[in-house]
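For reference, the structure is listed below as structure tokens.
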Amino acid sequence: MLANESEVTVAPHSYSVKDNLKDKLSWKLKGTTFTFVQEDDRCKIVDSDGSGIFGWKAPYEVADVVTSEDKTVMLVKIMTAKGFYSGITRFRLTDNGWEKDVVMLGKHPDMKIRDRWVSDLGAVANDGKTALLEVGASDTDRSPERTSYRMFYYWETWDLEETRKIGTGLTMANSKKD
Numbered sequence: 008m009l010a011n012e013s014e015v016t017v018a019p020h021s022y023s024v025k026d027n028l029k030d031k032l033s034w035k036l037k038g039t040t041f042t043f044v045q046e047d048d049r050c051k052i053v054d055s056d057g058s059g060i061f062g063w064k065a066p067y068e069v070a071d072v073v074t075s076e077d078k079t080v081m082l083v084k085i086m087t088a089k090g091f092y093s094g095i096t097r098f099r100l101t102d103n104g105w106e107k108d109v110v111m112l113g114k115h116p117d118m119k120i121r122d123r124w125v126s127d128l129g130a131v132a133n134d135g136k137t138a139l140l141e142v143g144a145s146d147t148d149r150s151p152e153r154t155s156y157r158m159f160y161y162w163e164t165w166d167l168e169e170t171r172k173i174g175t176g177l178t179m180a181n182s183k184k185d
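Now the structure itself:
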């Protein structure tokens with residue numbers, strides 16, 4: 008028996024950067040601390056001085072963060088309010104200060120062909136060029152003939168400059184070297 012329409016409650020999607028980042032809102036980086044601040048439908052990063060660094064407005068949501076070992080790079084995974092992967096915002100300390108760009112876009116052809124998306128951030132190299140990411144990918148290419156597919160998740164090392172997979176998992180060839 009189905010419930011009457013008046014008995015069905017649908018919870019609205021509520022976004023909380025605090026929940027998404029498991030209460031870790033401040034990240035110590037080289038020379039500063041980045042803190043995530045949520046204001047209504049906007050999330051922004053402020054530095055140690057309280058100056059705004061960058062912000063995302065709904066429907067984009069901060070979903071995960073990882074920093075490099077030397078604290079000169081920070082990756083921020085961005086999702087949409089509907090739960091779709093958008094991309095990664097990368098912050099890098101350069102001679103000119105903190106610079107920002109967007110990498111691993113969900114709409115990039117190498118991501119789109121297999122419906123790839125970044126499920127989890129694992130680690131990022133000190134130069135910010137490569138990262139260990141848990142990536143979900145379908146078992147078949149996207150095509151008009153495709154009627155169904157299964158998603159598989161692997162830890163992979165990716166070149167963030169080229170949006171190109173370097174290897175699967177951690178191996179001696181793509182692991183941290185002393």
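Those letters in the sequence shown? Residues 8 to 185, by this note's numbering. For glycine and all other residues, C-beta sits at the position ideal for the given N, C-alpha and C. Since the structure is predicted, the reported quantities are computational estimates derived from the model, not experimental observations.
Cα-Cα separation, P19 to K51: Sequence index remark: in the sequence shown, residue 19 carries index 12 (1-based). Sequence index remark: in the sequence shown, residue 51 carries index 44 (1-based). Note that P19 scores a pLDDT of 47, beneath 50, so its modelled location is shaky; the value from the coordinates is reported in the next line. Distance between the alpha carbons of P19 and K51: 22 Å.
Report the rounded CA-to-CA distance for K43 versus I60, giving the unit in angstroms. Locating residue 43 in the sequence shown gives position 36, where the first residue counts as 1. Locating residue 60 in the sequence shown gives position 53, where the first residue counts as 1. Going by the sequence as given, residue 43 is Phe instead of Lys. Rounded to the nearest angstrom, the two C-alpha atoms are 10 Å apart.
Note down, in chain order, each residue of its chain lying with its Cβ closer than 7 Å to the Cβ of T39, except the 5 sequence neighbours on either side. Taking the first residue of the sequence shown as position 1, residue 39 is located at position 32. Around T39: D54, S55.
Let's test the definition: count the other Cβ atoms within 10 Å of the Cβ of A138 and tell me whether it reaches 16, buried, or not, exposed. Walking along the sequence shown from the start, residue 138 turns up at place 131. Looking at its Cβ environment, which holds 16 or more other Cβ atoms inside 10 Å, A138 is buried.
With DSSP as the reference, identify every bridge partner of K172, one or two as the case may be. Taking the sequence shown and counting its residues from 1, one reaches residue 172 at position 165. Paired residue(s): W165.
Spatial neighbours of V83 in its chain, beta-carbon cut-off 7 Å, leaving aside the 5 residues before and after: By one-based count along the sequence shown, residue 83 stands at place 76. If we look at V83 and ignore the five residues flanking it on each side, its Cβ neighbours are V69, V72, I95, T96.
Could you check if E152 is buried or exposed, using at least 16 other CB atoms within 10 Å of its CB as the buried criterion? For this step, residue 152 is matched to residue 145 along the sequence shown. The residue is exposed, with fewer than 16 neighbouring Cβ atoms inside 10 Å.
Cα separation between D117 and K31? What you label residue 117 is simply residue 110 of the sequence shown in a count that begins at 1. What you label residue 31 is simply residue 24 of the sequence shown in a count that begins at 1. Using only the alpha carbons, I get a separation of about 32 Å.
Let me know if A144 comes out buried or exposed under the rule of 16 or more other beta-carbons within 10 Å of its beta-carbon. Within the sequence shown, the letter at position 137 stands for residue 144. A144 comes out buried.
Three-way DSSP call (helix, strand, coil) for D117 in this model: Taking the sequence shown and counting its residues from 1, one reaches residue 117 at position 110. Look at D117 here: in three-state DSSP terms it is helix.
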